[in-house]
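**Q** This is the structure I want to talk about, given as structure tokens.
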Amino acid sequence: MSTITTIRQAVPDRDDMTDDGGVSIYERLRDDIIHGRVKANERLKVADLAKRMGTSTNPVREALQQLRGEGFVIMTPNRGARVRPIDEDFVRDICEIEVLIEPALTRWFVGIATKADIDELERIQAEIEALNFADEMKHSNLDLQFHRLMYDRHYNRHAVDLWVRHRQILWAISRRFPTSLSRQSNVLEEHRELIACIKAQDAEGASRAIARHVEGSGRHIIERMRLDRR
Numbered sequence: 070m071s072t073i074t075t076i077r078q079a080v081p082d083r084d085d086m087t088d089d090g091g092v093s094i095y096e097r098l099r100d101d102i103i104h105g106r107v108k109a110n111e112r113l114k115v116a117d118l119a120k121r122m123g124t125s126t127n128p129v130r131e132a133l134q135q136l137r138g139e140g141f142v143i144m145t146p147n148r149g150a151r152v153r154p155i156d157e158d159f160v161r162d163i164c165e166i167e168v169l170i171e172p173a174l175t176r177w178f179v180g181i182a183t184k185a186d187i188d189e190l191e192r193i194q195a196e197i198e199a200l201n202f203a204d205e206m207k208h209s210n211l212d213l214q215f216h217r218l219m220y221d222r223h224y225n226r227h228a229v230d231l232w233v234r235h236r237q238i239l240w241a242i243s244r245r246f247p248t249s250l251s252r253q254s255n256v257l258e259e260h261r262e263l264i265a266c267i268k269a270q271d272a273e274g275a276s277r278a279i280a281r282h283v284e285g286s287g288r289h290i291i292e293r294m295r296l297d298r299r
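Every number in this note's numbering is 69 more than the matching position in the sequence shown, counting from 1.
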């Protein structure tokens with residue numbers, strides 16, 4: 070896994086949102102917060118960040134607002150921005166929202182799923198099983214394909230966009246830890262159950278299956294965070 074340098078030396082000023090490697094200011098700050106390179110409750114001064122990242126203040130302000138909207142940053146009047154602790158409560162809150170969103174998206178998908186959709190889900194699942202978690206990044210990309218196939222056509226773009234953001238956040242947090250063998254086994258089984266429910270046009274069964282999938286993933290991340298803290 071590549072590591073993004075916490076605060077890089079200043080480079081010639083640019084008024085864009087990315088660095089020379091194509092990594093956005095937002096992604097750099099988010100990565101630093103998640104990995105503890107910027108400490109919990111640490112103040113985030115716009116001018117200092119802009120100088121150190123070699124950009125103007127506007128991209129930094131925009132990045133902080135985005136991070137605020139995702140819960141990574143807390144802003145208070147006259148005190149500016151500070152880092153929110155990335156703890157078990159943070160992950161729990163995201164997962165509780167996802168347990169509401171993903172079953173609704175999945176239930177809708179069951180009503181529109183075609184044979185071609187199911188064939189594609191089975192194809193992706195076969196790749197996931199063949200990979201067998203040998204490469205976490207490849208697994209994550211395949212898993213994203215699997216779920217996007219179900220969600221991307223949903224009419225509620227706000228819900229889909231929120232799912233995408235939450236997935237990115239949870240992936241960024243979870244990549245700090247290896248996936249346990251028991252969780253690997255559960256992920257494969259949960260996907261198989263989900264496909265079976267979709268094939269049977271069992272919307273409620275698929276909804277329950279995805280809820281268990283989300284809860285299991287969240288529980289695994291929280292357990293790993295607790296172990297890492299000891």
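Idealized CB from N, CA, C, for every residue including glycine.
Is it the case that the stretch 242-256 contacts the stretch 170-182, given that we only count it when at least three CB pairs across the two stretches are under 8 angstroms?
**A** The answer is no - the stretch 242-256 does not touch the stretch 170-182, with fewer than three Cβ pairs under 8 angstroms.
**Q** Please list, in chain order, all residues of the same chain as ILE238 whose beta carbon is under 7 angstroms from its beta carbon, the five residues on each side excluded.
**A** GLU139, ILE163
**Q** Per the DSSP calculation, ALA150 is bridged to which residue(s)?
**A** LEU113, MET144
**Q** Might you give, ordered along the chain, the residues of its own chain that have their beta carbon closer than 7 angstroms to the beta carbon of VAL283, omitting 5 neighbours on each side?
**A** CYS164, GLU167, VAL168, GLU171
**Q** Can you find the residues in the same chain that come closer than 8 angstroms, C-beta to C-beta, to ILE264, ignoring five residues on each side of it along the sequence?
**A** Answer for ILE264: ILE187, LEU190, GLU191, GLN194, listed in chain order.
**Q** By the DSSP assignment, the alpha helix (DSSP H) with ILE301 in it spans what residues?
**A** Past the edges of the chain, shown from 70 to 299, lies residue 301, and the structure says nothing about it.
**Q** With H, G and I counted as helix, E and B as strand and the rest as coil, what does DSSP make of PRO247?
**A** coil
**Q** State the CB to CB distance for the pair VAL129 and ALA119, rounded to an integer number of angstroms; the pair is presumed to be in contact (CB under 8 angstroms).
**A** 5 angstroms
**Q** On the three-state DSSP scale, how would you describe GLU131?
**A** helix
**Q** Between which two residues does the alpha helix (DSSP H) holding THR175 run?
**A** 157-181
**Q** Skipping 5 residues on each side, what residues in its chain have a beta carbon closer than 8 angstroms to that of ALA241?
**A** Answer for ALA241: ARG99, ASP100, ILE103, listed in chain order.
**Q** Would DSSP call VAL256 helix, strand or coil?
**A** helix
**Q** At a cut of 8 angstroms, does the stretch 272-291 reach the stretch 253-260 through at least three beta carbon pairs?
**A** With a cut-off of 8 angstroms, the stretch 253-260 and the stretch 272-291 count as touching, because enough Cβ pairs lie within range.
**Q** Do HIS208 and LEU200 come within 7 angstroms of each other at the CB atom, strictly closer than that value?
**A** yes
**Q** For LYS268, which of PHE141, ASP117, ALA185 has the nearest alpha-carbon?
**A** ALA185
**Q** Can you grab the Cα-Cα spacing for the pair HIS289 / TYR95, in whole Å?
**A** Here the alpha carbons of TYR95 and HIS289 stand approximately 26 angstroms from one another.
**Q** Taking only three categories from DSSP, how would you classify VAL283?
**A** For VAL283, the secondary structure class from DSSP, reduced to helix, strand or coil, is helix.
**Q** Answer with buried or exposed for ARG148, where buried requires no fewer than 16 other C-beta atoms within 10 angstroms of its C-beta.
**A** exposed
**Q** Whose C-beta lies closer than 7 angstroms to the C-beta of GLN270 among residues of the same chain, with five residues either side of it excluded?
**A** VAL179
**Q** Which one of ASN255, GLY105, GLN134 has the shortest CA to CA distance from PRO154?
**A** GLY105
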